[in-house]
Amino acid sequence: VSSNEMKKFFAMCIHMGMIRKRRIQDYWSTNPLLVTPIFHSRNYLSRDRFLQILRFLRFADYGKMIDSDRLKKLRPFLNMTQNLCISMYTPRRSVAVDETLLLYKGRISFKQYNPRKRARFGIKTIALCDSINGYLHNLKFIQDRVSDYHCRYLHAPSIGTNSWAENFPDAQKLPVSERIVVHLVGHILNKNYCIYADNWFTSVRLARWMTKHGTTLTGTIKKNRGDLFIFFSSGITHNGTENYFIIELLVNLFYLMKQITKA
């Protein structure tokens, strides 16, 4: 297979994603109701050649696979894509970390269902994006339950020659949800970035850790996490009021809202 053929193959895959049909063979159909003229062009691969490449396409060396990695067959391709996303663009100062669900309805062991997400069925990922334009800067796939992240997820091959654990050994004392953030943003620490996250990731402990490494953390936080529990249990419950308090070098702003109930 030549490099030119592979370029055509991937271009055709992208094109197929824009023009949906029931079967792959239908793209080369001569039926007036199904015909797609550009697929009969000399610039495109023939049907048999396309299917042949699709059948034998591989992204990894089977002799170098890690058995515990459920994405082992795609790992070299995913690592290459992540490296390109990081090297091709420098995000603005404000970046966001959040979970997302990539639509996938095929058969896969770690497919998840979340009725609150638009996709509902798919592969759960944690993404690091530019807060201004939404550029995807880094992405990690979730292959198992949260309790298994340290085995299947956080110790997976990461960007660069050294893993995040080697660069930031003190991060291993953090809980799993907070180590995920460190894993995603490890390459932009000590560069005065501001990271935004929701209450599943945010804690006073992580904010202190980020401050220590020249990074700001902003996000919602659960009142029963760490040092905030004592403050919120002190009886301050005035609805519609805005207050702030300081824990060491961290400024915490909170706003109490009346709960809106529907009949």
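Just so we're aligned, residue 174 is where the sequence shown starts under the working numbering, counting upward by one. All C-beta atoms in this analysis are idealised placements derived from N, C-alpha and C, irrespective of residue type, glycine included.
Residue i: CB within 6 angstroms of a non-hydrogen atom of the ligand SAM
| i | result |
| --- | --- |
| R248 | Absent from the structure shown: the ligand SAM. Ligands present: none. |
Reference residue i, options the options, closest by Cα
| i | options | result |
| --- | --- | --- |
| G217 | R378, A184, I315 | The sequence shown places Tyr at residue 217, rather than the Gly named in the question. It is A184. |
| G304 | V270, P205, L347, Y286 | This sequence places Ser at residue 304; Gly is not what is there. The shortest C-alpha separation from S304 is found at V270. |
| L251 | L224, F314, N363, T209 | F314 |
| N287 | L275, V358, F182, R381 | L275 |
| T203 | T298, R193, R220, G190 | R220 |
| Y308 | S260, I281, A344, G392 | S260 |
| I211 | V349, Q255, K181, R378 | K181 |
| I226 | V208, M253, M179 | M179 |
| L224 | R215, W201, D240, R381 | W201 |
| N397 | V358, V377, T384 | V377 |
| Y277 | K290, I296, Q316 | I296 |
| Q316 | S241, N365, R291 | S241 |
| V174 | S350, R222, G190, N256 | R222 |
| N365 | E351, R215, G236, T384 | T384 |
Residues that DSSP places opposite residue i in a beta bridge
| i | result |
| --- | --- |
| Y286 | F294 |
| F314 | T298 |
| E272 | I299 |
| G387 | Note: G387 sits in no beta bridge, so no partner. |
| I368 | V268, L390 |
| L347 | None; L347 has no bridge partner. |
| L309 | C302 |
Residue i vs residue j beta-carbon contact at 7 angstroms
| i | j | result |
| --- | --- | --- |
| I353 | T375 | no |
| P249 | F232 | yes |
| V268 | L301 | yes |
| L362 | T391 | no |
| K245 | M253 | no |
| T273 | T298 | yes |
| A344 | V355 | yes |
| L206 | D199 | no |
Assumed close pair residue i, residue j - CB separation to whole angstroms, cut-off 8 angstroms
| i | j | result |
| --- | --- | --- |
| C258 | N311 | 7 angstroms |
| T209 | I192 | 6 angstroms |
| C367 | R266 | 6 angstroms |
| R243 | F283 | 6 angstroms |
| L379 | L347 | 7 angstroms |
| N340 | G359 | 6 angstroms |
Can you give, in chain order, each stretch of the alpha helix (DSSP H) that sits fully within the segment 183 to 271 and has at least 4 residues? 220 to 229, 248 to 260
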